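Numbering (the numbering used here), first residue to last: 1 to 142.
This is how it looks when you write it as structure tokens:
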């Protein structure tokens with residue numbers, strides 16, 4: 001009986017540790033810190049990322065196709081707004097992406113407060129490409 005209790009206790013501890021570790025990595029950071037919003041694999045248009053304003057950053061995986069990437073704000077009642085003209089990605093020094101801390105291939109869109117709207121007081125951003133030359137992987141930060 002004692003072995004059974006110890007086995008159950010060990011199982012419970014094992015299950016709790018990864019959950020609490022994961023939960024702490026998902027905490028929202030304060031002002032001036034980057035909050036990770038998630039990632040998306042996409043061919044021409046990413047999923048929507050919600051931003052509270054300030055600056056918004058995207059980071060591309062090095063396997064993403066070279067070309068122009070555009071930031072749009074989704075509007076359910078009107079045409080979507082282009083927040084920024086295309087930023088060029090080419091995995092090299094001739095593009096508009098750079099390292100931000102330990103994150104490679106990133107671009108920061110500054111002062112995007114004008115795009116915050118709606119009852120949720122959030123901007124609904126997505127990344128778009130004009131041509132389908134392969135799958136891109138984007139991470140978003142607010």
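The C-beta atom is built at its ideal place from N, Cα and C for all residues, glycine as well. It should be emphasised that the depicted structure is a prediction, and the values quoted were computed from it without experimental measurement.
Pairing residue 48 with residue 79, the inter-Cα distance amounts to about 15 Å.
The alpha carbon of residue 83 has as its nearest neighbour, out of 108, 62, 64 and 43, the alpha carbon of 108. Listed in chain order, the non-local C-beta contacts of residue 87 below 6 Å within the same chain comprise 69, 96 and 107, local neighbours out to five positions each way being set aside. For the region 51–90, the continuous beta strand (DSSP E) assignments of 3+ residues that do not extend past its boundaries occur at 56–60, 67–73 and 81–89, in sequence order.
Relative to residue 35, the option among 57, 41 and 42 whose CA is nearest is 57. Taking a 10 Å sphere around the C-beta of residue 129, we find 16 or more other C-beta atoms and assign the residue as buried. The shortest C-alpha to C-alpha distance from residue 89 to any of 46, 140 and 63 is the one to 63.
The shortest CA-to-CA distance from residue 71 to any of 33, 55 and 77 is the one to 55. In this structure, the CA atom of residue 127 is about 20 Å from the CA atom of residue 120.
Taken atom to atom, the span from the alpha-carbon of residue 113 to that of residue 38 is near 20 Å.
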